[in-house]
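Q:
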Amino acid sequence: MLNNTYIHIPGVGKSLEQRIWAQGIHTWEEFLEIEDRISIPSSRKARICEEIKKSSEHLAARDHCFFSQRLPSAEHWRTYPLFSDSVAFVDIETTGLSKSRDKITLVGIYDGIESKTYIKDINLDDIVEEFSKYKLLVSFNGARFDLPFIKSEFPEIEFKQLHIDLMYPLRRIGYNGGLKNIEKLLGISRSDGTEGLTGFDAVRLWKKYERGNREALDTLIKYNNEDIVNLKTIIELTYPKMVEKALKA
Numbered sequence: 133m134l135n136n137t138y139i140h141i142p143g144v145g146k147s148l149e150q151r152i153w154a155q156g157i158h159t160w161e162e163f164l165e166i167e168d169r170i171s172i173p174s175s176r177k178a179r180i181c182e183e184i185k186k187s188s189e190h191l192a193a194r195d196h197c198f199f200s201q202r203l204p205s206a207e208h209w210r211t212y213p214l215f216s217d218s219v220a221f222v223d224i225e226t227t228g229l230s231k232s233r234d235k236i237t238l239v240g241i242y243d244g245i246e247s248k249t250y251i252k253d254i255n256l257d258d259i260v261e262e263f264s265k266y267k268l269l270v271s272f273n274g275a276r277f278d279l280p281f282i283k284s285e286f287p288e289i290e291f292k293q294l295h296i297d298l299m300y301p302l303r304r305i306g307y308n309g310g311l312k313n314i315e316k317l318l319g320i321s322r323s324d325g326t327e328g329l330t331g332f333d334a335v336r337l338w339k340k341y342e343r344g345n346r347e348a349l350d351t352l353i354k355y356n357n358e359d360i361v362n363l364k365t366i367i368e369l370t371y372p373k374m375v376e377k378a379l380k381a
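Be aware that the sequence shown starts at 133, since it is given in our numbering, and climbs by one per residue.
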């Protein structure tokens, strides 16, 4: 989808992008090949061609920052297939909902193969280096919660990556509600030990761990791990619908 995206080009909005798609153009390469037959004013078309060549160079160089800065945040989902080899599925647990009063208790990061857990007062500081490894972040409600919470405690993390907050593209294709509800709609099940747990339970489990219950921490880690692993399952199940919806908008 990224290599048939034009809204990152200055002066190109969604209506013009739709006009380009309506002419049966499926890639940047096709645009350049049939440039003469595309029904767009010549001056604008020349600008688009130059920007396509620039975009192709940046994509070949794996320059995620170029697209992160230019693409509207709501459209970062388009980059998933081309940057999924450098992705971090992210979810955090906290002592509450206030960045000013509460603290992060746990950060889970899944690269599509391996899950890593970073825990308060154990190894949480290691997330600074860990986040620097990725070009793309995927979260659920992370734009409003997870990333601002992390930034509040770790201001040195710059978050220049592409960021797909799945909550928004999922809404566009009819999947509303929280993460657990969407999992059920997609037929994704939780393990016996975590089925039915919520964010409020995560707070409770942390408090039990602080009182000496190691098993509560194990359950919290398992709960968080299922969150991040399921994010990958969700985006891979729904991505074709996101593309279909965008092309028909």
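A virtual CB, placed ideally from N, CA and C, is assigned to each residue, including glycine.
(1) Please tell me whether R202 and H140 are closer than 7 angstroms, where the distance is taken between their beta carbons.
(2) Could you check the C-alpha separation between D333 and F263 for me, to the nearest Å?
(3) Using the three-state DSSP reduction, which class does F221 fall into: helix, strand or coil?
(4) Can you tell me whether S247 sits near the ligand PLP, meaning its C-beta is under 6 angstroms from at least one heavy atom of the ligand?
(5) Using the rule of at least 16 other Cβ atoms within 10 Å of the residue's Cβ for burial, across every protein chain shown, is K267 buried or exposed?
(6) Measuring CB atoms only, is the segment 196-216 touching the segment 294-301, in the sense that at least three cross pairs come out at less than 8 angstroms?
(7) Can you list, in chain order, the residues of its chain whose CB lies under 6 angstroms from that of L238, leaving out five sequence neighbours each side?
(8) What number of angstroms, rounded off, separates the C-alpha of E315 from the C-alpha of I366?
(9) Just the Cα atoms here: how many angstroms apart are L311 and F272?
(10) Does DSSP put D243 in a helix, in a strand, or in coil?
(11) Should the segment 316-326 be called in touch with the segment 186-203, which here means at least 3 C-beta pairs below 8 angstroms?
(12) Which residues mark the beginning and the end of the beta strand (DSSP E) in which S271 is found?
(13) At what residue ranges does the segment 291-348 contain a whole run of the alpha helix (DSSP H), taking only runs of 4 or more?
(14) Pick from D195, F277 and R179: whose alpha carbon is nearest that of S218?
(15) Is the beta carbon of I236 less than 7 angstroms from the beta carbon of A220?
(16) Between which two residues does the alpha helix (DSSP H) carrying S200 extend?
(17) Using a threshold of 7 angstroms, state whether the C-beta atoms of T249 and I353 are closer than that.
(18) Using the three-state DSSP reduction, which class does E226 fall into: helix, strand or coil?
(19) I'd like to confirm the pairing. Which residues does DSSP put opposite T351 in its beta bridges?
(20) Output needed for I281: all residues of its chain with C-beta closer than 7 angstroms, excluding positions within five of it in sequence on either side, in chain order.
(21) Which stretch, first to last residue, makes up the alpha helix (DSSP H) that contains I180?
A: Taking the geometry as given:
(1) Closer than 7 angstroms, so yes.
(2) Across the structure, D333 and F263 are spaced so that their CA atoms are roughly 26 angstroms apart.
(3) F221 falls in the strand class under three-state DSSP.
(4) The model on display carries no ligand, and the ligand PLP is accordingly not part of it.
(5) Counting Cβ neighbours within 10 Å, K267 comes out buried, since at least 16 surround it.
(6) Contact between the segment 196-216 and the segment 294-301 is present, because at least three Cβ pairs lie under 8 angstroms.
(7) Residues E225, I251 and N356 of the same chain have their beta carbon placed closer than 6 angstroms to that of L238, with the five preceding and five following residues left out of the count.
(8) Using only the alpha carbons, I get a separation of about 7 angstroms.
(9) Using only the alpha carbons, I get a separation of about 7 angstroms.
(10) Coil, per DSSP.
(11) Because the criterion of three Cβ pairs below 8 angstroms is not met, the segment 316-326 and the segment 186-203 do not touch.
(12) It spans L268 to S271 - the beta strand (DSSP E) in which S271 sits, taken as one unbroken run.
(13) 299-304, 311-317 and 331-342, all fully within the segment 291-348.
(14) Of the listed residues, the one whose Cα sits closest to S218 is D195.
(15) At the C-beta level, I236 and A220 stay beyond 7 angstroms of one another.
(16) First-last of the alpha helix (DSSP H) with S200: H196 to R202.
(17) Contact flag set, yes.
(18) Note on identity: in this sequence residue 226 is Thr, with Glu being the wrong assignment. Three-state result, T226: strand.
(19) Beta-bridge pairing links T351 to no other residue.
(20) Here residue 281 is Phe; the residue named in the question, Ile, does not match the sequence. Around F281: I224, T226, K231 and I236.
(21) Here the alpha helix (DSSP H) through I180 covers S174 to A192.
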